[in-house]
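In the numbering used here, the protein residues as written are 8 to 123.
Reading through the structure tokens given below for one structure.
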């Protein structure tokens, strides 16, 4: 129970502070510290993010004039389509391969951000 409280607090803080999806923080923490397999970590992360991100995080950014509503609505529509299909096919990928893909994605994004 304590590990989930810590992951939630750290994930929520870093997500709001850096404007990143909590999944980038919570998924690795759930795999490493809670010993979840990759599929369970990703599914749990998605279940956690729905309410706090929309109600608290996005609203606070909106109040400060930092939300482009048109861009957000367009991306939300296509995000929903993308997640619908990916959540159907991801179960055909082994948890070990999924962990490798996830890690490589995080490394590549990190390198790109440092270079830019």
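For each residue, glycine too, the CB sits at the ideal point set by N, CA and C.
* Asked: Helix or strand or just coil, what does DSSP make of residue 106?
  -> Here residue 106 refers to the residue found at position 99 when the chain shown is read from its first residue. It is helical.
* Asked: Just curious, the alpha helix (DSSP H) that residue 42 is in, first and last residue?
  -> Counted from its first residue, the chain shown places residue 42 at position 35. Note, residue 42: premise wrong, no alpha helix (DSSP H); not H, not E.
* Which of helix, strand or coil does DSSP assign to residue 71? -> Here residue 71 corresponds to residue number 64 of the chain shown, with the count starting at 1. Here residue 71 sits in coil by DSSP.
* To do: Express the C-alpha separation of residue 64 and residue 24 in angstroms, rounding to a whole number.
  => As a position in the chain shown, residue 24 is number 17, starting the count at 1. As a position in the chain shown, residue 64 is number 57, starting the count at 1. Their Cα atoms are separated by approximately 10 Å.
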